[in-house]
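First comes the structure, then the notes that go with it.
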Amino acid sequence: MTSSRDDHSSTPSSEADSLRDLLAHAQTGHEAGLRSLVHELHGDLGSSLTALNMHLVLLAQKLPPDPAIVDRVEKMKALVLAISESNRRIQLGLRPDKLEVFGLKVALQEAADDFQQRHGVACRVSLPDEDLSCAAETELALFRMVEEALKNIALHAGASQAQIILDDAEGAIQVTVRDDGRGIEAKEIEGAHTHGLRMMRERALSLGGSVRVGRRREGGTIVTVSMPCAANATRA
Ligand SMILES: Nc1ncnc2c1ncn2[C@@H]1O[C@H](COP(=O)(O)OP(=O)(O)OP(=O)(O)O)[C@@H](O)[C@H]1O
Ligand SMILES: [Mg+2]
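Numbering (the numbering used here), first residue to last: 40 to 275.
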């Protein structure tokens, strides 16, 4: 009978595989947990805020037209509006609705627009004409990896321009994120003490894909994620 110790030493890659499976499972569970939490929170808070706003409008109609009171009511209405807006933003940040409802192309375009607005770095998006349809977990993983690559550009690149390119090929999908910044160093690519790029690699591997990171000859950094997309199909 083979001892479990022998089993482990004779198949080192199986350990890495099961860790990878565990990571994929944890990520999927984490995202699913967040989704239901945010969904619940958003619904509860949203309906309470709508009711509060209604009460406020009715109350304002009954109050004497004293300028100080009118001013106070307007401030309260503005506060309710601000809380509703924060609630909406939190929900959008944690749960990429656009991805679920409209798919990867629309979600990437929105992420690029948001990145450009927030960081002042021009961000172009090149998309294939046809619609894509990969497994939901592949699309979510790709979206999260693009988010990490954009975050890295904002934090580390000092770039003035970025670009996201989505390509689909027979049975595969590829996303490239590149910038014209300072360019990543070789030692940073394998960085043992940071998590963003490592998580990207592990996430891609767990779904049978891969990530390449490098410096561009013309300056800047390029990150390419390739994923199998068995369900790749053109929607009418
Ligand atoms: N687009 C980029 N341009 C220049 N340097 C980059 C770029 N992306 C990453 N880097 C460098 O590579 C390092 C590793 O990136 P990584 O995403 O793994 O870690 P991080 O962003 O520092 O931290 P975190 O674990 O929060 O993601 C960064 O610290 C940065 O020095
Ligand atoms: Mg990072």
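All C-beta atoms, glycine included, are put in the ideal place defined by N, C-alpha and C. In this text the structure is predicted, and so the values were computed from the model without any measurement.
query: LEU179: buried (16+ other C-beta within 10 angstroms of its C-beta) or exposed?
result: buried
task: For the stretch 81 to 88 and the stretch 257 to 269, state whether three or more C-beta atom pairs, one from each stretch, are separated by less than 8 Å.
output: no
message: For the structure I just gave you, are there three or more beta carbon pairs, one from the stretch 150 to 159 and one from the stretch 106 to 119, closer than 8 Å?
response: no
query: What is the C-beta distance between ALA188 and VAL160, in whole angstroms, given that I count them as a contact (C-beta under 8 Å)?
result: With a Cβ gap of about 12 Å, ALA188 and VAL160 do not count as contacting.
field: beta strand (DSSP E) runs contained entirely in the stretch 138 to 223, provided each spans 3 or more residues
entry: 161 to 165, 200 to 208 and 211 to 218
query: Mind checking whether the beta-carbon of THR233 lies closer than 7 Å to any heavy atom of ligand 2?
result: yes
Whole runs of the beta strand (DSSP E) within the stretch 223 to 266, excluding any shorter than 3 residues: 249 to 254
query: What is the rounded straight-line gap between the Cα of VAL216 and the Cα of ALA63?
result: 23 Å
message: Please classify LEU283 as buried or exposed, where buried requires at least 16 other C-beta atoms within 10 Å of its C-beta.
response: Any property of residue 283 remains undetermined from this structure, which presents the chain solely from 40 to 275.
message: Measuring straight from C-alpha to C-alpha, what distance separates SER87 and LEU95?
response: 12 Å
field: Sequence-distant residues of the same chain with beta carbon closer than 7 Å to THR41, five excluded per side
entry: For THR41, the predicted model reports a pLDDT of 39, less than 50, meaning its position is unreliable; a value from the coordinates is still stated below. Within the same chain, THR41 has no close Cβ partners at all.
message: Does ASP168 pass the burial test, meaning 16 or more other C-beta atoms within 10 Å, or should it be called exposed?
response: exposed
- prompt: Measuring from the CB of GLU229, is there a heavy atom of ligand 3 at a distance below 7 Å?
  reply: In terms of ligand content, the structure shown lacks ligand 3 and carries ligand 1 and ligand 2 instead.
Identity of the residue in ALA231, GLU229, SER53 and VAL112 nearest LEU91 by Cα: VAL112
- prompt: Closer than 7 Å: is that where the CB of THR177 sits relative to any heavy atom of ligand 1?
  reply: no
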